[in-house]
Structure formats: structure tokens, C-alpha cells
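Peer 1: Structure provided below as C-alpha cells; questions to follow.
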Amino acid sequence: MYMEQYRKARQRRQTLWELYHHWHNDHPPTLPVDVLFRDFPRLLQRGVTREEIYKELRRSSARIKAAWTRVLNLRRFEAFSDLFFKATRVDVGFGQDFVLSYL
């Protein structure tokens, strides 16, 4: 689940990056801006400028970092859960959401 969120965030940033280069290098434009950036409504609402595209790219990068952090935290919890189970024979999987909320 968390890895899928990470992949989607990376794909979305890559898509925006490619669209930016298509938009920036395409003179005269072959597609209208509202068609080209239709998957990014916040960008269309604020206006498609270089600065706004870079702001959206920074937001996407922040989403990627947050998703990757969740992936790493889940891996840490799984390692801890395995060690705890080996030592005590008690499964701590029931508290996974509680523990991950603190990480």
C-alpha cells in the first residue's frame, strides 16, 4: 500500500516534469494549456507559469519524500516485529497503526 503511494507520487512528478518540458520547448504550442495540464487542476487554477509549475514540482517532491518515509517506517516496524516475535512469541502486528503513528 505505502509502496504504491510512493510509485504514484513519483509517476505524477515525472509526468509533470515531462509536460513542463513539452510546454516550454513547444513553440508555437500544439496543444492548449488546459488540455496539456488537465491532470493538474491546482496548476490550471493558479495559472500555468514557470514558477507555478516549479511550485507544483516541489509539492510533488514533498509527497514523494513523505511516501518514502512511510515505506521506511513500515520496514522498520516489520523488522522490529520480527525481532520482538522471536524473543517473546508475541505478535505486535495488532499495534501496527499505533506504532506507525509515532514514527
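In this text, residue positions in the sequence shown follow this note's numbering: the first is 1496, and each later residue adds one.
No residue lacks a Cβ here, since even glycine has one placed at the ideal position from N, Cα and C.
None of these values were measured; they are calculated from a predicted model.
For L1539 versus L1514, is the C-beta distance shorter than 8 Å?
Peer 2: Residue mapping note: residue 1539 aligns to position 44 of the sequence shown, counting from 1. Residue mapping note: residue 1514 aligns to position 19 of the sequence shown, counting from 1. No, they are not a contact pair.
Peer 1: Does F1535 pass the burial test, meaning 16 or more other C-beta atoms within 10 Å, or should it be called exposed?
Peer 2: Along the sequence shown, read from residue 1 onward, the residue named residue 1535 stands at position 40. That one is buried.
Peer 1: In angstroms, rounded to a whole number, what distance separates the CA positions of R1490 and N1568?
Peer 2: The question about residue 1490 has no answer, for the chain in this structure spans 1496 to 1598.
Peer 1: Mark L1511 as exposed unless 16 or more other C-beta atoms lie within 10 angstroms of its C-beta, in which case mark it buried.
Peer 2: Position 16 of the sequence shown, counted from the first residue, corresponds to residue 1511. Label assigned to L1511: buried.
Peer 1: Looking at C-beta atoms only, is the number of pairs between the stretch 1554-1570 and the stretch 1497-1508 that lie closer than 8 Å three or more?
Peer 2: As far as the Cβ criterion goes, the stretch 1554-1570 touches the stretch 1497-1508, which means the pair count is three or higher.
Peer 1: Quick check on DSSP: helix, strand or coil for P1536?
Peer 2: For this step, residue 1536 is matched to residue 41 along the sequence shown. P1536: helix per DSSP, three-state reduction.
Peer 1: Can you check which of these residues, R1508, F1579, D1529, F1572, is closest to D1592 by C-alpha distance?
Peer 2: What you label residue 1592 is simply residue 97 of the sequence shown in a count that begins at 1. Nearest option by C-alpha distance: F1572.
Peer 1: Whose C-beta lies closer than 8 Å to the C-beta of E1551 among residues of the same chain, with five residues either side of it excluded?
Peer 2: If you number the sequence shown from 1, residue 1551 lands on position 56. Once the five neighbours on either side are set aside, the close Cβ partners of E1551 are L1511, F1535, R1537, L1538.
Peer 1: S1556: which of F1575, R1508, G1588 sits nearest, CA to CA?
Peer 2: The sequence position of residue 1556 within the sequence shown is 61, counting from 1. Out of F1575, R1508, G1588, R1508 has the C-alpha closest to the C-alpha of S1556.
Peer 1: Would R1554 and E1547 be called neighbours here (beta carbons separated by less than 8 Å)?
Peer 2: Numbered from its first residue, the sequence shown carries residue 1554 at position 59. Numbered from its first residue, the sequence shown carries residue 1547 at position 52. No, they are not a contact pair.
Peer 1: For the stretch 1542-1584, list the alpha helix (DSSP H) runs that are entirely contained and at least 4 residues long, ordered along the chain.
Peer 2: Qualifying alpha helix (DSSP H) stretches, in chain order: 1545-1583.
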